[in-house]
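Below you'll find the structure, written out as structure tokens, and then a few comments.
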Ligand code: HSE
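In my numbering, the protein residues as written are 46 to 463.
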């Protein structure tokens, strides 16, 4: 019998338990051996739930059971979850986790420990929820030099941005909805301020470019400043607003950022809506490859965890020490010249000609019929925006100074993903 232990019976953990219980016949048929949920570790009272018969309260009970080879860690937060991963690997168990905070902070140490113990540390569910992306990068695309990753990696913020636009809903209303659906982190600032996406792009970039990318070096800006009017104006010009986590590998360096961007309609990422995530990779052999699916939520994430368990049971000895476990990447902000969207506020609508004089002939001018953004406090004033020709950040700063003469104040700046 293959005995599986699940530590942490929250949103994802309970989904993993459900999948193991509901699919146990299918799983057992595949391995011609019983695959069974053996332990559920949680401090919560599980009385009356289907998990109650498996409940234990002490990790050592699991670690001391020689028949339990796989420990799933679906505890949130960092310290306790990391401690459990280290202890389980030291005790000679394979570890599967969905916890991206642990992978982003301790990935190299945990990989090294697993390798030294001839055990595996697996974390498909840590990025992209139900989307297979870690295994494809590690195995299916391994022959490639990956040069770029562009992703929508946070389900909560994508759900919020989509809802804000389609329902004309406020930021707070959409955040509450995302929390009710179990998409958001316990502390949703990790979602809305981009830290969750920063951890995920750091994990993917570490694997893809073969050097550890510390998530603390990822320049990160979330969606708090994105207003309904930005969606309206961007839509008018044929763009969607998305939180983009992207990185490029050029001359041995990783250029990386998480920030809201305008994405041209027709771009593969522009129609990724609601809780869906997508990851676009550029490989030297494959060219563009797109991975798409539900990026958060109980069932989708549980599916990825169970996928790791299946790989483990089939190939428990496929040990490999990834390059990022032994080498750090040089990480820099992505400062390539690009087009910018600039929303401004003024008492009088500026003339299109005056804006083109400031930013150049290829400037697109967008004017709103709204007197003001309905979600923004303050006096009525006109709202307009431009989409500029490509500039460096320094060039942009210089051009923006020209707005003073028009009495316009910049309220929001976003890069355009072309
Ligand atoms: N809070 C995360 C998200 C959950 O919204 O994407 C999945 O990592």
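All C-beta atoms, glycine included, are put in the ideal place defined by N, C-alpha and C.
Every value quoted in this text rests on a predicted model; they were computed, and no experiment measured them.
Exercise. Can the beta-carbon of residue 308 be found closer than 7 Å to that of residue 272?
Worked result: no
Exercise. Near residue 160, what residues of its chain come up, given a Cβ to Cβ distance below 7 Å and the 5 sequence neighbours on each side ignored?
Worked result: 364, 366
For this session: Please find out if some non-hydrogen atom of the ligand HSE comes closer than 6 Å to the beta-carbon of residue 228.
Result: yes
Exercise. Quick one: Cα of residue 199 to Cα of residue 449, how far?
Worked result: 36 Å
Exercise. So does residue 201 have its beta carbon nearer than 6 Å to some heavy atom of the ligand HSE?
Worked result: yes
For this session: Could you pull the start and end residues of the alpha helix (DSSP H) that residue 153 belongs to?
Result: 145-161
Problem set entry | CB contact below 7 Å: residue 429 versus chain C | In the structure shown, chain C does not exist; there is a single protein chain.
Problem set entry | Between the CA atoms of residue 118 and residue 398 - distance to the nearest angstrom | 59 Å
For this session: Using the DSSP secondary-structure output, state which residues sit across from residue 102 in a beta bridge.
Result: Note: residue 102 sits in no beta bridge, so no partner.
Problem set entry | Cut-off 6 Å between Cβ atoms - residues of its own chain near residue 112, not counting five sequence neighbours on either side | 48
For this session: Jot down the residue ranges of each uninterrupted beta strand (DSSP E) in the segment 335-389, minimum 3 residues, whole runs only, in chain order.
Result: 375-378
Problem set entry | Chain-order list of residues whose beta-carbon lies under 7 Å from that of residue 446 (same chain, five-residue window excluded) | none
Exercise. Taking contact to mean at least 3 C-beta pairs separated by less than 8 Å, is the segment 347-356 in contact with the segment 387-404?
Worked result: No contact exists between the segment 347-356 and the segment 387-404.
Exercise. Does the segment 195-214 come close enough to the segment 317-331 to have 3 or more Cβ pairs within less than 8 Å?
Worked result: yes
For this session: On a CA-only basis, which of 281, 121, 436 is nearest residue 55? Give me that one, please.
Result: 121
For this session: Mind checking which residues open and close the beta strand (DSSP E) that includes residue 139?
Result: 139-142
Problem set entry | For residue 454: DSSP bridge partner residues | 390
Exercise. Applying the criterion that 16 or more other CB atoms from any shown protein chain within 10 Å of the CB defines a buried residue, is residue 142 buried or exposed?
Worked result: By the Cβ-count criterion, residue 142 is buried, with 16 or more other Cβ atoms from all chains shown falling within 10 Å of its own Cβ.
Exercise. When every heavy atom of the ligand HSE is checked, does at least one fall within less than 6 Å of the C-beta of residue 353?
Worked result: no
Exercise. In angstroms, rounded to a whole number, what distance separates the CA positions of residue 318 and residue 110?
Worked result: If you take the alpha carbons of residue 318 and residue 110, they lie about 44 Å apart.
Exercise. Counting Cβ pairs closer than 8 Å, one from the segment 199-208 and one from the segment 260-277, do we hit at least three?
Worked result: yes
For this session: Taking residue 290 and residue 245 to be in contact with their CB atoms under 8 Å, please state how far apart those CB atoms are, rounded to whole angstroms.
Result: Rounded, the Cβ-Cβ distance is 6 Å, consistent with contact.
Exercise. Is the segment 246-256 touching the segment 369-384 in the sense that three or more CB pairs, one from each, lie closer than 8 Å?
Worked result: The segment 369-384, when compared against the segment 246-256, does touch it at the 8 Å Cβ threshold.
For this session: Confirm, please, whether the CB-CB distance from residue 437 to residue 408 is below 7 Å.
Result: no
Exercise. Should residue 376 and residue 301 be called a contact, given that it needs their Cβ atoms to be closer than 7 Å?
Worked result: yes
Problem set entry | Euclidean distance between Cα positions of residue 189 and residue 293 | Computed Cα separation, rounded: 14 Å.
Problem set entry | First and last residue of the uninterrupted alpha helix (DSSP H) at residue 211 | 200-212
Exercise. So does the segment 256-264 actually touch the segment 174-183, counting three or more Cβ pairs closer than 8 Å?
Worked result: no
Exercise. Going straight from the alpha carbon of residue 451 to that of residue 305, what length do you get?
Worked result: Distance between the alpha carbons of residue 451 and residue 305 is about 27 Å.
Problem set entry | One or two residues paired with residue 85 in a DSSP bridge | 51, 100
For this session: Verify the contact flag: residue 341, CB atom, against every heavy atom of the ligand HSE, threshold strictly below 6 Å.
Result: yes
Exercise. Which of helix, strand or coil does DSSP assign to residue 112?
Worked result: coil
Exercise. At which residues does the alpha helix (DSSP H) containing residue 193 begin and terminate?
Worked result: Per DSSP, residue 193 belongs to no alpha helix (DSSP H); it is in the beta strand (DSSP E), 191-197.
Exercise. Near residue 420, what residues of its chain come up, given a Cβ to Cβ distance below 6 Å and the 5 sequence neighbours on each side ignored?
Worked result: Per-residue confidence for residue 420 stands at a pLDDT of 48, beneath the threshold of 50, marking its modelled position as unreliable; the derived number appears in the next sentence. Apart from the 5 residues on each side of it in sequence, residue 420 sits with its Cβ closer than 6 Å to the Cβ of 215, 272, 273 in its chain, given in chain order.
Exercise. What did DSSP end up calling residue 333 once you bin it into helix, strand or coil?
Worked result: strand
For this session: Using only alpha-carbon positions, find the residue among 341, 454, 77 that is nearest to residue 227.
Result: 341
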